[in-house]
Ligand code: CMC
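Numbering (the numbering used here), first residue to last: 1 to 432.
What follows is the structure, given as structure tokens:
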């Protein structure tokens, strides 16, 4: 049987061409439009990439209608329930769950790359104490390129692996240091006796003058947050990493560009924006006013933590975190008025025709912010936590792109030009 195709006729000339339909493992097939320009002299336009696949990938699959998220074929709820972040990171990076032997070796490497070069510490001194930690992350992660020259040959698979290990290992250290800088406390070095999440919590919250123990419920909740944020297909920041990487830039620079794209409130910055919004709403009684504002086309206000480009029935990550959120608040005996507001907001929005008809549901960031706040993570660190976890997805997608020699080429979108047509330069004295 031949390949499936779709016929396209240019009604201006009457010429018809056949475009191949390419099927993936699951999910909608794609039309390969690469020959359109050659055949018809036209480009395609898809602002916001709502219908355009930017690459082929074996890493993550999302079915937005059914609320399915798979990492390398494994449903996210099974991974969140049975696995832990470091194992999930291995799965995303290497494609399979590790054997005991493989995991031991990989864990050794991650653990022994967790310190950063002492020279990098000086970078922090250059930042104001009130600098947003995401600003610090963009700078410090980009600066890693200046310290680890021995792993930046992107064409060498060993270099790619070492830089992936370095990034996964050092992100918690870099993130915790950005917090310590903001509160004026000494940096805490990684402790190789601790696991990945415990070590991060220890670097965040321990101080030289006191002993610190990690609460297992807190650890479990943070581990879940890390797992759920680890990858999400070709979102804005991952696409940014891929585009930066397509020019053969070094991996540290590429991840820094991903952090930049993640920062915005429409993407990773939403978890911080949710908490700000809940604070602004104040008491549950004022929610209807804010719901009306969110529905008003002339008001820029949106319900943060609601809606998703892909999930149109529910966000499976939000379902998992909702449970985790209640557990943490109970364990820590936190009574957070923001949570009451959040629960009431969810209830009212889900009954409102506007939100129902537009299929706007709470997304992962609706709950992650409440958990992070309860465990003592300051609001301006929320997106840093997201960046820490998403680094695994970014570097896995970057490595996949570069290893895929048959398809690896610089990303170079085209445009529909709507500016002035050719015109002649006018000397200043003759301009009106
Ligand atoms: N509150 C009120 N109205 C909304 C919201 C919202 N949160 N989200 C979408 N809409 C409306 C929007 O006004 C538009 O209405 P209309 O069709 O009348 O013009 C319609 O729903 C479709 O919205 P859109 O902006 O075209 O959808 P999008 O797919 O481009 O945007 C989104 C997706 C996530 C950026 C958007 O829903 C949003 O801004 N949500 C709030 C921010 C947020 O929570 N972001 C985190 C996303 S999950 C974490 C991550 O993956 O980064």
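Heads up, the beta-carbon is just placed ideally off N, CA and C, and yes, glycines get one too.
Between the CA atoms of residue 283 and residue 321 - distance to the nearest angstrom | Distance between the alpha carbons of residue 321 and residue 283 is about 23 Å.
By C-beta, the residues closer than 6 Å to any heavy atom of ligand 1, given in chain order = My final list is 48, 232, 235, 266, 267, 268, 270, 294, 302, 303, 304, 305, 306, 307, 308, 309, 358, 360, 363, 364, 365.
Whose CA, out of 133, 162, 38, lies closest to the CA of residue 175?
-> The candidate whose alpha carbon is nearest that of residue 175 is 133.
Secondary structure of residue 58, DSSP reduced to three states | DSSP, reduced to helix, strand and coil, places residue 58 outside both helices and strands of the structure shown, so it counts as coil.
What first and last residue would you give for the beta strand (DSSP E) that runs through residue 10?
-> Counting along the chain, the unbroken beta strand (DSSP E) around residue 10 starts and ends at 5–10.
For residue 30, the residue or residues it bridges with in DSSP | According to DSSP, residue 30 bridges with 22.
Would you mind giving the Cβ-Cβ distance between residue 318 and residue 230, rounded to the nearest angstrom? I have them listed as a contact below 8 Å.
-> Under the criterion of beta carbons closer than 8 Å, residue 318 and residue 230 do not qualify as touching, at roughly 16 Å.
Three or more C-beta pairs closer than 8 Å, one from the region 268–281 and one from the region 417–432: is that the case here?
-> Taking 8 Å as the limit for Cβ pairs, the verdict is that the region 417–432 does not touch the region 268–281.
Would you report the Cα separation of residue 394 and residue 206, rounded to the nearest angstrom?
-> Cα to Cα, residue 394 sits roughly 29 Å from residue 206.
Mind the definition here: the region 391–408 touches the region 345–359 only if three or more C-beta pairs lie below 8 Å; say whether that holds.
-> No, they do not touch.
Sub-8 Å separation of residue 307 and residue 363 beta-carbons = Taking 8 Å as the Cβ cut-off, residue 307 and residue 363 qualify as a contacting pair.
Excluding the five sequence neighbours on either side, which residues of its own chain have a C-beta within less than 7 Å of the C-beta of residue 164, listed in chain order?
-> If the five residues before and after residue 164 are omitted, its C-beta is found closer than 7 Å to the C-beta atoms of 93, 395, 399, all from its own chain and listed in chain order.
Examine the Cβ distances between the region 366–379 and the region 256–263 and report whether three or more of them are shorter than 8 Å.
-> No: the two stretches stay apart, fewer than three of their Cβ pairs being nearer than 8 Å.
Which residues in the same chain as residue 117 place their Cβ atom closer than 7 Å to its Cβ, once the five residues preceding and following it in sequence are excluded?
-> For residue 117, the CB contacts under 7 Å within the same chain, skipping 5 residues up- and downstream, are 147 in chain order.
Would the beta-carbon of residue 16 fall within 8 Å of that of residue 6?
-> With contacts defined by Cβ atoms closer than 8 Å, residue 16 and residue 6 do not form a contacting pair.
Nearest to residue 218 by alpha carbon, out of 315, 314, 371?
-> Checked all of 315, 314, 371; the closest Cα to residue 218 is 371.
With distances taken between CB atoms, is the gap from residue 114 to residue 158 smaller than 8 Å?
-> Against a cut-off of 8 Å, the Cβ pair of residue 158 and residue 114 comes out as no contact.
Beta-carbon proximity list for residue 39, same chain, < 8 Å, skipping 5 on both sides | Taking residue 39 as the centre and dropping the five residues before and after it, the same chain places the C-beta of 15, 17 closer than 8 Å to its C-beta, in chain order.
On the three-state DSSP scale, how would you describe residue 316?
-> Looking at residue 316 - three-state DSSP - the assignment turns out to be helix.
Which word fits residue 350, buried or exposed, when buried means at least 16 other C-beta atoms lie within 10 angstroms of its C-beta?
-> By the 10 Å Cβ count, residue 350 comes out exposed.
Anyone know if the C-beta pair for residue 196 and residue 278 falls short of 8 Å?
-> Their beta carbons are not under 8 Å apart, which means residue 196 does not touch residue 278 by this criterion.
Residue 138 and residue 120 closer than 8 Å at C-beta | Not closer than 8 Å, so no.
Output yes or no for whether 8 Å exceeds the beta carbon distance between residue 80 and residue 227.
-> For the 8 Å CB-CB criterion, residue 80 and residue 227 form a contact.
Nonlocal neighbours in the same chain, by C-beta distance under 7 Å from residue 377, ignoring five residues either side = Same-chain partners within the cutoff: 385.
Where residue 372 falls: helix, strand or coil (DSSP) = Helix at residue 372.
When the Cα atoms are used, what is the spatial distance from residue 354 to residue 50?
-> Straight-line measurement puts the Cα of residue 50 at about 21 Å from the Cα of residue 354.
Assuming residue 19 and residue 31 form a contact by the criterion Cβ under 8 Å, report the distance between their Cβ atoms to the nearest whole angstrom.
-> At roughly 5 Å, the Cβ-Cβ gap stays under 8 Å, so residue 19 and residue 31 are in contact.
Could you give the distance in angstroms between the alpha-carbon of residue 209 and the alpha-carbon of residue 192?
-> CA-CA distance, residue 209 to residue 192, rounds to 20 Å.
Tell me whether residue 103 sits in a helix, a strand or coil according to DSSP, three-state version.
-> Look at residue 103 here: in three-state DSSP terms it is helix.
Pick helix, strand or coil for residue 422, following the three-state DSSP scheme.
-> Judged by DSSP in its simplified three-state form, residue 422 adopts coil rather than helix or strand.
For residue 208, decide whether its Cβ has a neighbour in chain C, counting only Cβ atoms nearer than 8 Å.
-> Checking the listed chains, one finds no chain C in this structure; it contains a single protein chain.
What does a CB cutoff of less than 6 Å around residue 53 pick up in its chain, not counting 5 residues either side in sequence?
-> Correct list, in chain order: 30.
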